[in-house]
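Quick note: the first sequence uses this note's numbering, first residue -18, plus one each step. Just below is one structure, and these are the notes that go with it.
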Amino acid sequence: MRLEEAKIKLQPMLNCRLGELVTPEQMTDIIRAKGRTGQIIESLLGLDSTNGNLDFVDGELKTNKCDSSGNPLETMFITQISSRIDELLEKKDFYETLLYEKIRNLLYVPICKEGDPEDWIILPFVHVDLRKSEYTNIRLQIEKDYYYICELLKKHIETSTDGFIHTSSGELIQIRSKDSKPYTPIYSKLYKRNVSNKNHAFYFKKDFMRYINSDRY
DNA sequence: GATAGCGGAGGATCCTATTT
DNA sequence: AAATAGGATCCTCCGCTATC
């Protein structure tokens, strides 16, 4: 499925309560299973999830917890880094990274999660295509953030007391821990040792969502 | 050739300490 | 006291290997 097709399918669901769209059974455990809402949206769109790294053939879907005005209440997960740590430490070209592939063409769907799950609302989405000229500034800022974060990671590995990486932030994106027990340590071939006892991931900071919200559909 | 089960990627949010 | 930063944690899905 292409991203544009998903926009059309999503259109009638905007401003709908979750209770109107799915059964109570589908909402079971939705609080504890943090990613459930995202998976529900995927299934409502009819995504087959057999698409390699991306949700769409040409882009990615992200949902995030918001208040009723669409203000983001959390940072937004992008992708884990454990298997690609050395690419980052070598400052691989931004446009060749999985990070860029994941965020290049993004359908951002804020979900207002005030009240009971059946009353949660799918808010109007934002389509962020970083290749378009209107997003040039944001793209360049993220590129800048990326190289800066790569530098911070190296600095942490070489100078922190535990020799591990720690939260590394730019203006719009950051890397911080992301794992569950049992942890997956991050091993660097470059340094020939573990550079973290648990996995980490790229996240969008809230400022990214605030920025793109200014042109919500 | 099936099926179980394990590990890592993917769906995210929660919690506590620190800063403002 | 409220907001942000930094770290921790939760569930699901899927592919690969081990085992049937």
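The beta carbon of each residue, even a glycine, is placed where N, CA and C say it ideally should be.
- Annotated as distal: K170 and D74, with beta-carbon spacing of 9 Å or more.
- Assignment of beta-bridge partners to Y89 by DSSP yields K43 and V107.
- With 16 or more other Cβ atoms from the protein chains shown falling within 10 Å of its own Cβ, K43 counts as buried.
- Exclusion of the five residues before and after T60 leaves L79, L80, K83, A182 and F183 as the residues of its chain whose Cβ lies within less than 7 Å of its Cβ.
- Looking at the backbone, the Cα of I167 and that of K173 are separated by about 11 Å.
- Going by DSSP, M190 is part of the alpha helix (DSSP H) stretching over K187 to N194.
- Here I21 is near L2, since their CB atoms are less than 9 Å apart.
- Here H147 carries a coil assignment [DSSP, helix/strand/coil].
- K186 sits close to S150, with the two beta carbons spaced by under 9 Å.
- Counting along the chain, Y128 sits inside the alpha helix (DSSP H) bounded by residues T117 to T140.
- In terms of CA proximity to M57, I156 leads the group N175, S177, I156 and N180.
- If the five residues before and after V90 are omitted, its C-beta is found closer than 8 Å to the C-beta atoms of L(-9), I22, L42, K43, T44, N45, I103, L104 and F106, all from its own chain and listed in chain order.
- By alpha-carbon distance to N118, the top candidate from S64, Y192 and S161 is Y192.
- One Cα belongs to L54, the other to M190, and the distance between them is close to 10 Å.
- Nearest to E99 by alpha-carbon distance, out of L(-5), N175 and P5, is P5.
- In terms of Cβ geometry, L153 and D188 form a close pair [threshold 9 Å].
- Looking at I12, Y116 and Y129, the one whose alpha-carbon comes closest to that of D97 is I12.
- Taking C-beta separations shorter than 8 Å and ignoring five residues to either side along the sequence, the partners of S141 in its chain run H147, following chain order.
- According to the DSSP secondary-structure assignment, Y184 is paired through a beta bridge with F58 and Q155.
- Beta-bridge partners of S177 (DSSP): I167.
- Separation of the CB atoms of F37 and L(-16) is rounded to 5 Å, and the pair is thereby assigned contact status at 8 Å.
- Under the three-state reduction of DSSP output, I102 falls in the strand class.
- In the DSSP assignment, I(-11) falls within the alpha helix (DSSP H) that extends over L(-16) to L(-9).
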